[in-house]
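Visitor: In our numbering, the protein residues as written are 3 to 139.
The beta-carbon is built from N, C-alpha and C at its ideal position, and this holds for glycine as well.
Note that the coordinates shown come from a computational prediction; the quantities given were computed from them, not determined experimentally.
Before I ask anything, let me first share the structure, which is written out below as structure tokens.
Here is the structure:
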């Protein structure tokens, strides 16, 4: 079974995390609109599916189909290090070899920030425009 198909987004997760509208509860005897909860589940599934597709195996249309295997830096579960980041940075060939965007999950960002602190300096902070939504491109 493929990984994406095994992920579930139960409606109870969305129903129980939302604030109850007591006016609706009095009026309709339903604390939250089930249609809205199903809509939120659908959004989560689409977003998860999009990023799973981006990170998919070669031949699936994801990023790995556009990047040569020799240009991918894979730590194989090892700890993040500055030499590894330097290697990844030097793999960039677009824009005259100057990367402009680094994409990561919030967990990877925290790992990077901890790496900076462990080496005795504050993580650099750059305020810029937010990354555009892939759905609007």
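Less than 8 Å between the beta carbons of residue 109 and residue 93, yes or no?
Guide: The residue given as residue 109 occupies position 107 in the chain shown. The residue given as residue 93 occupies position 91 in the chain shown. Their beta carbons are not under 8 Å apart, which means residue 109 does not touch residue 93 by this criterion.
Visitor: Would you identify the three-state DSSP class for residue 82, choosing helix, strand or coil?
Guide: Within the chain shown, numbered from 1, the residue matching residue 82 stands at position 80. Three-state DSSP puts residue 82 in coil, outside helix and strand.
Visitor: Could you pull out every residue in the same chain whose Cβ sits closer than 6 Å to the Cβ of residue 124, ignoring the five residues on either side in sequence?
Guide: Along the chain shown, one-based indexing puts residue 124 at 122. Once the five neighbours on either side are set aside, residue 124 has no close Cβ partner at all.
Visitor: Return the first residue and the last residue of the alpha helix (DSSP H) that residue 36 is part of.
Guide: Reading the chain shown from its first residue, position 34 is the one you call residue 36. 36 to 56 is the extent of the alpha helix (DSSP H) around residue 36.
Visitor: Which residue wins for smallest C-alpha separation from residue 104, given the options 42, 127 and 121?
Guide: Counted from its first residue, the chain shown places residue 104 at position 102. Closest by alpha carbon: 127.
Visitor: When DSSP labels each residue in this structure, what does residue 91 get in the three-state scheme?
Guide: As a working mapping, residue 91 is identified with position 89 in the chain shown. Helix.
Visitor: Under the assumption that residue 89 contacts residue 75 (Cβ atoms under 8 Å), give the Cβ distance between them as a whole number of angstroms.
Guide: Taking the chain shown and counting its residues from 1, one reaches residue 89 at position 87. Taking the chain shown and counting its residues from 1, one reaches residue 75 at position 73. The Cβ separation is near 5 Å, so the contact holds.
Visitor: Measure the CB-CB distance between residue 2 and residue 82 and report whether it falls below 8 Å.
Guide: The shown model of the chain, from 3 to 139, leaves out residue 2, and the question about it has no answer.
Visitor: Identify whether residue 62 lies in helix, strand or coil by the three-state DSSP scheme.
Guide: For the purposes of this step, residue 62 is taken as the residue at position 60 of the chain shown. If DSSP states are grouped into helix, strand and coil, residue 62 belongs with coil.
Visitor: How big is the Cα-Cα spacing for residue 85 and residue 37?
Guide: Position 83 of the chain shown, counted from the first residue, corresponds to residue 85. Position 35 of the chain shown, counted from the first residue, corresponds to residue 37. Whole-angstrom Cα-Cα distance: 49 Å.
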